[in-house]
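Everything on this sheet refers to the single structure shown next.
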Amino acid sequence: MSSALPPAAAPGPRILLGVTGGIAAYKGAELARQFIKAGAQVQVVMTAGALRFVTAQTFQALTGRTVRHSLWDEQAEAAMGHIELARWPDAIVIAPASANFLAGLAHGFADDLLSTLCLATDKPIYAAPAMNRLMWANPATQANMSTLRGRGVRVIGPGSGAQACGEVGEGRMSEPEGIAREVLGDFAPSGPLAGLRAVVTAGPTREPIDPVRFITNRSSGKQGYAVAEALAHLGATVTLVSGPVHLDTPAGVRRVDVETAQQMAAATLAEIEGAQILVGAAAVADYRPVSAAGQKIKKNADTLDLALTRNTDILSAARAEQPQLFIAGFAAETEKLAEHARGKLQRKKLDLIAANWVGEGRAFDRDDNALQVFWTDGERSLGPAGKSEVARQLAALIAERYAATHAGRK
Ligand code: C5P
Numbered sequence: 001m002s003s004a005l006p007p008a009a010a011p012g013p014r015i016l017l018g019v020t021g022g023i024a025a026y027k028g029a030e031l032a033r034q035f036i037k038a039g040a041q042v043q044v045v046m047t048a049g050a051l052r053f054v055t056a057q058t059f060q061a062l063t064g065r066t067v068r069h070s071l072w073d074e075q076a077e078a079a080m081g082h083i084e085l086a087r088w089p090d091a092i093v094i095a096p097a098s099a100n101f102l103a104g105l106a107h108g109f110a111d112d113l114l115s116t117l118c119l120a121t122d123k124p125i126y127a128a129p130a131m132n133r134l135m136w137a138n139p140a141t142q143a144n145m146s147t148l149r150g151r152g153v154r155v156i157g158p159g160s161g162a163q164a165c166g167e168v169g170e171g172r173m174s175e176p177e178g179i180a181r182e183v184l185g186d187f188a189p190s191g192p193l194a195g196l197r198a199v200v201t202a203g204p205t206r207e208p209i210d211p212v213r214f215i216t217n218r219s220s221g222k223q224g225y226a227v228a229e230a231l232a233h234l235g236a237t238v239t240l241v242s243g244p245v246h247l248d249t250p251a252g253v254r255r256v257d258v259e260t261a262q263q264m265a266a267a268t269l270a271e272i273e274g275a276q277i278l279v280g281a282a283a284v285a286d287y288r289p290v291s292a293a294g295q296k297i298k299k300n301a302d303t304l305d306l307a308l309t310r311n312t313d314i315l316s317a318a319r320a321e322q323p324q325l326f327i328a329g330f331a332a333e334t335e336k337l338a339e340h341a342r343g344k345l346q347r348k349k350l351d352l353i354a355a356n357w358v359g360e361g362r363a364f365d366r367d368d369n370a371l372q373v374f375w376t377d378g379e380r381s382l383g384p385a386g387k388s389e390v391a392r393q394l395a396a397l398i399a400e401r402y403a404a405t406h407a408g409r410k
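When we follow my numbering, the leftmost residue of the sequence shown carries the number 1, and every step to the right adds one.
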């Protein structure tokens, strides 16, 4: 059994960085670096002019993605067609934006890859103009700029100062740090959990018996995924530690995939470092086979004994490591819901526990749910409703309880 975890997906916004022809193209490289440093995913698209100033390799090395520059590159189009590429980003940032490119954009030209993408997107477009001061001041450029601003293009700069051509005036591309700050500022989370990091465990675990068999349970991961999404909507930076499920990662959430309870424990304990909130929505196997057989077990005997050993309780281990962490657990119960849930709240030293009835087709692998939530001196019913709605109510309650008991502690 390997404890190596696959790399997590990058959490930040997806930025399509368009680099057009101009001496400031080299500053585009620094901008790409700034975006990457901030956790954004960056796909660079260069115009033919840009390629005369800097190489595609520079951007490729910085972003880890193949640079796109042609509408007619069959191989690149086969991997991701230009319309798909236009849909991919959260924002298109053109830096530097040349006078010629801005003129084409203002008039709706689609005569190369970048201009086509700008025409085929409904995502915000940012442009950081860079040109000689007279080109910038020219009424044709200014008319184009007012057309673009009128259409919602966010124009950053230009600044003034010494220009590459030896003149002094307005037309220098804004500094990369400033552009990055302005763009990323628009994607900064807001909401009651802004600035907080949350870790959510979700889904079942798989405990191997032999190379082809395992013990698992009916958890679909839907409730945990919905909670991760709801916490992100309230502004938290969310990491989802997920057992094997068939669900898409919610937008803006970073996901770490695991299989076994031991892997989930290791990943969760690593991820809660620097976090303020942990939600244990995973259906973690309480026991695992003492040892997984190296080869497929043969059906020779009439009965087969499987020796099991206890798994670490992840929430209790998290509490032992981090007394300050706000921890919310789930309790799936088939009887004495309130009594068992309150017992777990105390035993695992949780801040809140969301209990639901299970068995007889309730909760597991369904789209709706109802929760009874308990904390030391209160309780509240959530739902019955779709799991997304229940998750929204639970996330709001977590934010409320966090503010009541932990605000100021982070
Ligand atoms: O004790 P019980 O398994 O019913 O507790 C359920 C809660 O504890 C859930 O929040 C679940 O994610 C968490 N749990 C855990 N580690 C385990 C077992 C359960 O974090 N090994």
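Cβ atoms here follow ideal geometry from the backbone N, Cα and C, with glycine treated the same way.
Next on the checklist: Using CA atoms only, rank isn't needed, just tell me which of A162, A282 and K222 is closest to L315.
Outcome noted: Locating residue 315 in the sequence shown gives position 315, counting from the first residue. Among A162, A282 and K222, the Cα nearest to that of L315 belongs to A282.
Checklist entry - Is the segment 12-21 close to the segment 188-199, with three or more CB pairs under 8 Å? => result At 8 Å Cβ cutoff, the stretches do not touch.
Checklist entry - Where in the segment 231-294 do unbroken runs of the alpha helix (DSSP H), each at least 4 residues long, occur, reported from the N-terminal end onward? => result The qualifying runs are 261-271.
Checklist entry - Taking 7 Å as the cut-off, is the CB of T201 close to at least one heavy atom of the ligand C5P? => result One-based indexing of the sequence shown puts residue 201 at position 201. Answer for T201: yes, Cβ within range of the ligand C5P.
Checklist entry - At which residues does the alpha helix (DSSP H) containing P204 begin and terminate? => result Stepping through the sequence shown from its first residue, residue 204 is reached at position 204. Run containing P204: none; DSSP gives neither H nor E here.
Checklist entry - When we look at the beta-carbon of G243 and count the other beta-carbons within 10 Å, is it buried (16 or more) or exposed? => result Working through the sequence shown from its first residue, we reach residue 243 at position 243. Counting Cβ neighbours within 10 Å, G243 comes out buried, since at least 16 surround it.
Next on the checklist: What does the alpha-carbon distance come out to for the pair P158 and Q60?
Outcome noted: Start at 1 with the first residue of the sequence shown, and residue 158 comes out as number 158. Start at 1 with the first residue of the sequence shown, and residue 60 comes out as number 60. Approximately 26 Å, taken between the alpha carbons.
Next on the checklist: Taking its Cβ as the centre, do 16 or more other Cβ atoms sit within 10 Å of T405, making it buried, or is it exposed?
Outcome noted: Position 405 of the sequence shown holds residue 405. Counting every other CB atom within 10 Å of its CB across the protein chains shown gives T405 a total below 16, marking it as exposed.
Item to check | Contacts around S190, its chain only, beta-carbon distance under 6 Å, and the 5 residues preceding and following it disregarded | outcome: Counting from one through the sequence shown, the residue named residue 190 turns up at place 190. Taken in chain order, the residues that qualify are G235.
Checklist entry - Does the beta-carbon of V284 have 16 or more other beta-carbons within 10 angstroms, so that it is buried, or is it exposed? => result In the sequence shown, counting from the first residue as 1, residue 284 sits at position 284. Here V284 is buried, its C-beta having at least 16 other C-beta atoms within 10 Å.
Checklist entry - Are the segment 73-91 and the segment 109-123 touching, with three or more C-beta to C-beta distances below 8 Å? => result With a cut-off of 8 Å, the segment 109-123 and the segment 73-91 count as touching, because enough Cβ pairs lie within range.
Item to check | Selection from V227, I277 and Q262 that minimises the alpha carbon distance to V290 | outcome: As a working mapping, residue 290 is identified with position 290 in the sequence shown. That would be Q262, whose Cα lies nearest to the Cα of V290.
Checklist entry - the ligand C5P heavy atoms versus the CB of I314: any closer than 7 Å? => result As a first step, residue 314 must be located in the sequence shown, where it is residue number 314. Remark: the C-beta of I314 is in contact range of the ligand C5P, defined as less than 7 Å to any heavy atom.
Next on the checklist: Are there any heavy atoms of the ligand C5P lying less than 7 Å away from the beta-carbon of K344, as far as the coordinates show?
Outcome noted: Position 344 of the sequence shown, counting from 1, holds the residue named residue 344. Within the cutoff, so yes.
Next on the checklist: Counting C-beta neighbours from all protein chains within 10 Å, is the total for R310 16 or more, i.e. buried, or is it exposed?
Outcome noted: For the purposes of this step, residue 310 is taken as residue 310 along the sequence shown, with counting starting at 1. R310 sits exposed, since fewer than 16 C-beta atoms from the chains shown fall within 10 Å of its C-beta.
Checklist entry - Who are the near neighbours of E30 in its chain, counting only those whose CB is closer than 6 Å to its CB and skipping five residues on each side? => result As a position in the sequence shown, residue 30 is number 30, starting the count at 1. P176, listed in sequence order.
Checklist entry - Is the beta carbon of A130 less than 8 Å from the beta carbon of G171? => result Residue 130 sits at position 130 when you count from the first residue of the sequence shown. Residue 171 sits at position 171 when you count from the first residue of the sequence shown. Contact: yes.
Checklist entry - Short check: CB of G178 to CB of A202, under 8 Å? => result As a position in the sequence shown, residue 178 is number 178, starting the count at 1. As a position in the sequence shown, residue 202 is number 202, starting the count at 1. Taking C-beta atoms as the reference points, G178 and A202 fail to come closer than 8 Å.
Checklist entry - Taking 8 Å as the CB-CB limit, is F187 close to chain C? => result In the displayed structure, chain C is absent; only one protein chain is listed.
Checklist entry - Name the DSSP beta bridge partners of Y126, please? => result Taking the first residue of the sequence shown as 1, we reach residue 126 at position 126. According to DSSP, Y126 bridges with V93 and R154.
Item to check | Three-way DSSP call (helix, strand, coil) for P139 in this model | outcome: Taking the first residue of the sequence shown as position 1, residue 139 is located at position 139. Assignment of P139 by DSSP, reduced to helix, strand and coil, places it in the helix class.
Next on the checklist: Tell me which residues share the same chain as R319 and place their Cβ nearer than 8 Å to its Cβ, disregarding the 5 neighbours each side in the sequence.
Outcome noted: By one-based count along the sequence shown, residue 319 stands at place 319. Sequence-distant Cβ neighbours of R319 in its own chain, meaning closer than 8 Å and more than five residues away, are L325, I327, K348, K349 and L350.
Checklist entry - Expressed to the nearest angstrom, what Euclidean distance is found between the alpha-carbon atoms of L5 and R206? => result Walking along the sequence shown from the start, residue 5 turns up at place 5. Walking along the sequence shown from the start, residue 206 turns up at place 206. Legend: pLDDT at L5 = 33, less than 50; position of this residue unreliable, value from coordinates given subsequently. For L5 and R206, the distance between alpha carbons rounds to 15 Å.
Next on the checklist: Measuring alpha carbon to alpha carbon, tell me which residue in A226, R213 and V153 is nearest E389.
Outcome noted: Along the sequence shown, read from residue 1 onward, the residue named residue 389 stands at position 389. Nearest of A226, R213 and V153 to E389, Cα basis: A226.
Item to check | Of the residues Q295, I15, Q276 and A48, the one placed nearest K37, counting alpha carbons only | outcome: Start at 1 with the first residue of the sequence shown, and residue 37 comes out as number 37. The option with the nearest alpha carbon to K37 is I15.
Item to check | Residue burial classification, T260 (beta-carbon count within 10 angstroms, cutoff 16) | outcome: The residue you call residue 260 lines up with position 260 of the sequence shown. Buried: at least 16 other Cβ atoms inside 10 Å.
Item to check | Backbone secondary structure at I83 - three-state DSSP | outcome: Residue mapping note: residue 83 aligns to position 83 of the sequence shown, counting from 1. Looking at I83 - three-state DSSP - the assignment turns out to be helix.
Item to check | One or two residues paired with P411 in a DSSP bridge | outcome: No answer is possible for residue 411: the residues shown for the chain start at 1 and end at 410.
Item to check | Backbone CA spacing between L352 and E74 [nearest angstrom] | outcome: In the sequence shown, the residue the question calls residue 352 occupies position 352. In the sequence shown, the residue the question calls residue 74 occupies position 74. Distance between the alpha carbons of L352 and E74: 55 Å.
Next on the checklist: Considering only heavy atoms of the ligand PLP, does any lie closer than 7 Å to the CB of D286?
Outcome noted: In the structure on display, the ligand PLP does not appear, and the ligands it does have are the ligand C5P.
Checklist entry - Is S160 helix, strand or coil by DSSP? => result For the purposes of this step, residue 160 is identified with residue 160 of the sequence shown, where counting begins at 1. Strand at S160.
Checklist entry - For S146, does the count of other Cβ atoms within 10 angstroms reach 16, so buried, or fall short, so exposed? => result Taking the sequence shown and counting its residues from 1, one reaches residue 146 at position 146. Classification of S146: exposed, given that the 10 Å Cβ count is below 16.
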